[in-house]
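Numbering (this note's numbering), first residue to last: 2 to 558.
Below, the structure is given as structure tokens:
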């Protein structure tokens, strides 16, 4: 379709702000974004929809527009709901780069525009196909109560006699048609997700077909709105976060029109996926703020105050949470070309969903932050279970991964790993730092095991590891400073690598030969370094007590 046709549709509420001479451009897709740099998700020819959340001041408009033009987008449409009128600096930037600019009236949802473009780009359908699209258009434009994946799947069932379900990458059932009959068994969902992930990792184009128990299913990827299969730089960036549409039919015999329709349906479902992702922004920000306070040693009262703000968001209607748990996850890929933190964050938000929870989106009660290759979840617990021995349990590591291990292993293939650690439940802000370190120690225990998907809980930690997180901060600092500061300062001035030498010496159980081999040193050089460590600290590394003190200091540093 052409840009000019968008202005002829009153229901879209579009007002042209610039680019009158460019209205014959062809629109090949649509994408909604508030990223400052969405280039990785653009393939050219898109109508880009934005709520302007990326704009902090007038200087942001020029680089944003330049990125869109370089990606070859057809036009930009800016919503008026957030800032009112579209800023003049954005209008001028679009004019300089000859990028058509539309204003979207605050009463019009981006989903309405997305659906209209997808429908028009797919072309006019005949008979039952046209009826499905047209009926869905009316439902989507009628408001939130009329839209959503369930409505799309109901139409597929009633108009095309297609039983279909939307699944997460772990096999969680997100939506299903009311006319599709009984819900898919959890085992079937997990198998379908695993087959889809395995096919995606091998580079096969969808839809993927699979037979289970004599039934043929066709699996269609549900990608973020407007993102083409080639838009991601590496399939590993998105394979463990994209939803899939499972249809009980063999798509290999379908005509092109029906395949196009199903591709359009996946784009409509992607709009809902993007909406849910956007809703997680507040919870992710809360988790990041609490995490930064905990890791920087903020006062417990300050952390508690932030938790009081977070609790109503994470536990609506239930008040403050009496207990909290921390879950740490890490995704690592061979070669380290792909950042694992965002992937681990998305997986934790999925894995921590209670399969028995009710409501439109049970992950609304999970807050996950990420840093580097690590993701950290702050999980509020309205109650915990007390065991016969008096111990309290909340989330259990093995239970978290029991139902998702098969599909995740398929998605990680032979070059990725997911390791996860779970802390004990804590009752107050004072315990959060200990819980964080406990979860990190548990994850390291999981990392020492074999397998693509591994987890460990606080119950599996050795005694010294269990005690370390609960040492008061002032005691930690004084203890580590007294033992390690002289070595750190000496290393800084002389580049002597005394700290790495000490770590290796203790890790080799005091074996001179093994330690020298590991460090690629002559034994005499190693003896000189150890002697320097003893001289600077006044300790004797042949004594068990001094070895233990150094070991604990290194663990607490």
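All C-beta atoms in this analysis are idealised placements derived from N, C-alpha and C, irrespective of residue type, glycine included.
Buried or exposed by the 16-neighbour rule on C-beta atoms within 10 Å, applied to residue i
i, result
"residue 263", "buried"
"residue 532", "exposed"
"residue 495", "exposed"
"residue 178", "buried"
"residue 510", "exposed"
"residue 293", "exposed"
"residue 197", "buried"
"residue 545", "exposed"
"residue 527", "buried"
"residue 171", "buried"
"residue 326", "buried"
"residue 502", "buried"
"residue 437", "buried"
"residue 338", "exposed"
"residue 33", "buried"
"residue 10", "exposed"
"residue 512", "exposed"
"residue 310", "exposed"
"residue 328", "buried"
"residue 216", "exposed"
"residue 559", "Outside the shown range of the chain (2 to 558) lies residue 559, about which nothing can therefore be said."
"residue 268", "buried"
"residue 473", "exposed"
CB-CB length for residue i against residue j, believed under 8 Å
i, j, result
"residue 163", "residue 250", "6 Å"
"residue 153", "residue 270", "6 Å"
"residue 341", "residue 120", "About 37 Å separates the two Cβ atoms, so there is no contact after all."
"residue 324", "residue 427", "7 Å"
"residue 106", "residue 81", "6 Å"
"residue 353", "residue 241", "The pair is not a contact, with the Cβ atoms about 15 Å apart (cut-off 8 Å)."
"residue 417", "residue 453", "7 Å"
"residue 430", "residue 301", "5 Å"
Residue i in three-state terms, based on DSSP
i, result
"residue 253", "helix"
"residue 230", "With a pLDDT of 45 at residue 230, under the threshold of 50, the modelled position of that residue is not reliable, and the figure given next carries that caveat. In this structure, residue 230 counts as coil in the three-state DSSP scheme."
"residue 500", "helix"
"residue 412", "helix"
"residue 46", "coil"
"residue 532", "helix"
"residue 164", "coil"
"residue 429", "coil"
"residue 297", "coil"
"residue 331", "strand"
"residue 526", "helix"
"residue 100", "coil"
"residue 455", "strand"
"residue 108", "coil"
"residue 442", "helix"
"residue 9", "coil"
"residue 222", "strand"
"residue 420", "strand"
"residue 34", "coil"
"residue 338", "coil"
"residue 83", "coil"
"residue 343", "helix"
"residue 325", "strand"
Contacts around residue i, its chain only, beta-carbon distance under 7 Å, and the 5 residues preceding and following it disregarded
i, result
"residue 189", "213"
"residue 200", "209"
"residue 410", "453 and 454"
"residue 175", "150, 167, 168, 169 and 244"
"residue 441", "329 and 422"
"residue 379", "288, 291, 325, 327 and 368"
"residue 382", "322, 324, 325, 326, 395 and 426"
Residues near residue i by beta carbon distance below 6 Å, same chain, minus five either side
i, result
"residue 346", "369, 371 and 376"
"residue 248", "163, 165 and 219"
"residue 230", "Note that residue 230 scores a pLDDT of 45, beneath 50, so its modelled location is shaky; the value from the coordinates is reported in the next line. Counting only Cβ-Cβ distances below 6 Å, and skipping sequence neighbours, we find nothing."
"residue 5", "24"
Residues near residue i in its chain [Cβ-Cβ closer than 8 Å; skip 5 each side]
i, result
"residue 68", "38, 39 and 40"
"residue 2", "27, 28, 118, 121 and 122"
"residue 514", "524"
"residue 78", "15, 48, 49, 50, 51, 102, 103, 104, 105 and 114"
"residue 507", "548, 551, 552 and 555"
"residue 286", "none"
"residue 541", "535 and 547"
Beta carbon proximity, residue i to chain B, threshold 8 Å
i, result
"residue 310", "This model lacks chain B altogether; it includes just one protein chain."
The ligand COA heavy atom lying under 7 Å from the CB of residue i
i, result
"residue 282", "In terms of ligand content, the structure shown is empty, and the ligand COA therefore cannot be addressed."
Would you say the segment 107–115 touches the segment 87–94, given that touching needs at least three Cβ pairs under 8 Å?
no
Original post:
Would the segment 45–58 and the segment 72–79 be scored as touching if the rule is three or more Cβ pairs under 8 Å?
Top reply: yes
So, do the segment 271–284 and the segment 198–207 have three or more beta carbon pairs nearer to each other than 8 Å? no
request  = Spell out a yes or no on whether the segment 393–413 and the segment 285–304 are touching, meaning 3 or more CB-CB pairs, one atom from each, closer than 8 Å.
outcome  = no
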